[in-house]
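Below is one structure, written out as structure tokens, with a few remarks after it.
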Ligand SMILES: Nc1nc2c(ncn2[C@@H]2O[C@H](COP(=O)(O)OP(=O)(O)OP(=O)(O)O)[C@@H](O)[C@H]2O)c(=O)[nH]1
Ligand SMILES: [Mg+2]
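In my numbering, the protein residues as written are 861 to 1075.
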């Protein structure tokens, strides 16, 4: 559940995935594409050779018709295998997750291990993985050795999570991935938080409010 304080709600969203899959790049490109009045600066907690050691954080938010302030805090985890303790800490109390997979054929094993570690870590930190709003993004679609989309769709056909195909480096489908997560998040929380009834926020208003564009 999001953190509630008088007049505001804060959702924690986490970009999880194997090392170097493009989690930090997703956050930076998303920051470029969001409208200025909504977003804070991207904060980077320690990087070494461009690899995340703790996390990156992008804060954003908007005010609902009721006056309620809806805030999001987007985090990335460090993907390198050694940093599992940090990943667990970042994942703790997450309200939604984007799993960023690397589309390269030779990264299939790393993707699989990272996905399994995400499920395990969810259980360890007490998150209900079966009901967690989760979007799976296959990034780096520009790579010549990217696994074809049809093959990926076949393999994930029985999985309940939406799939997105992105090239974060070029900013492609970064916003689309985020929007997909926002819709899952809204559907998961609208009723328990009375978003529509008490606060006058429809799914469209939630998405446009947080993306900062009129659709
Ligand atoms: N070709 C290609 N390269 C990408 C894409 N997205 C990110 N990269 C590159 O992949 C490398 C790793 O990107 P990051 O965003 O730092 O990856 P990360 O997942 O944050 O990595 P860790 O923090 O170490 O877990 C960088 O050199 C990026 O420029 C993409 O869509 N296509
Ligand atoms: Mg990173």
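Positions of the beta carbon are idealized from the N, C-alpha and C atoms, including for glycine.
Please read all numbers here as calculations on a predicted model, not as lab measurements.
- In its chain, beyond the 5 residues on either side, 995, 996, 1040 and 1044 have a beta carbon closer than 8 Å to the beta carbon of residue 1022.
- A distance below 7 Å between beta-carbons, with the five flanking residues on each side excluded, links residue 971 to the following residues of its chain, in chain order: 878, 961 and 962.
- Relative to the non-hydrogen atoms of ligand 1, the Cβ of residue 1055 never comes closer than 7 Å to any of them.
- In this structure, residue 920 lies near residue 932, with their beta-carbon atoms less than 8 Å apart.
- Contact between residue 954 and residue 874 is confirmed by a C-beta separation of about 4 Å, below the 8 Å threshold.
- Residue burial is scored here from C-beta neighbours: residue 1018 has fewer than 16 other C-beta atoms within 10 angstroms and is therefore classed as exposed.
- Listed in chain order, the non-local C-beta contacts of residue 893 below 8 Å within the same chain comprise 1031, 1034 and 1035, local neighbours out to five positions each way being set aside.
- Partner residues in a beta bridge of residue 1050, as assigned by DSSP, do not exist.
- Nearest to residue 867 by C-alpha distance, out of 1058, 1072 and 898, is 1058.
- Residue 883 has its CB nearer than 7 Å to a heavy atom of ligand 2.
- Annotation: residue 940 to residue 1049 spans about 32 Å, alpha carbon to alpha carbon.
- Here the C-alpha atom of residue 952 lies approximately 30 Å from the C-alpha atom of residue 925.
- The shortest C-alpha to C-alpha distance from residue 984 to any of 910, 947, 889 and 899 is the one to 947.
- CA-CA distance, residue 975 to residue 1004, rounds to 23 Å.
- Counting only unbroken stretches of 3 or more residues, the beta strand (DSSP E) elements lying wholly within the stretch 986-1064 are 994-999 and 1023-1025, in sequence order.
- The beta-carbon separation of residue 1006 and residue 964, rounded to 6 Å, stays under the 8 Å limit for a contact.
- With a minimum length of 3 residues, the unbroken runs of beta strand (DSSP E) contained wholly in the stretch 908-947 fall at 911-923 and 929-936.
- A residue is called buried once 16 or more other Cβ atoms fall within 10 Å of its Cβ, and residue 907, having fewer, is exposed.
- If the five residues before and after residue 865 are omitted, its C-beta is found closer than 8 Å to no C-beta atom of its own chain.
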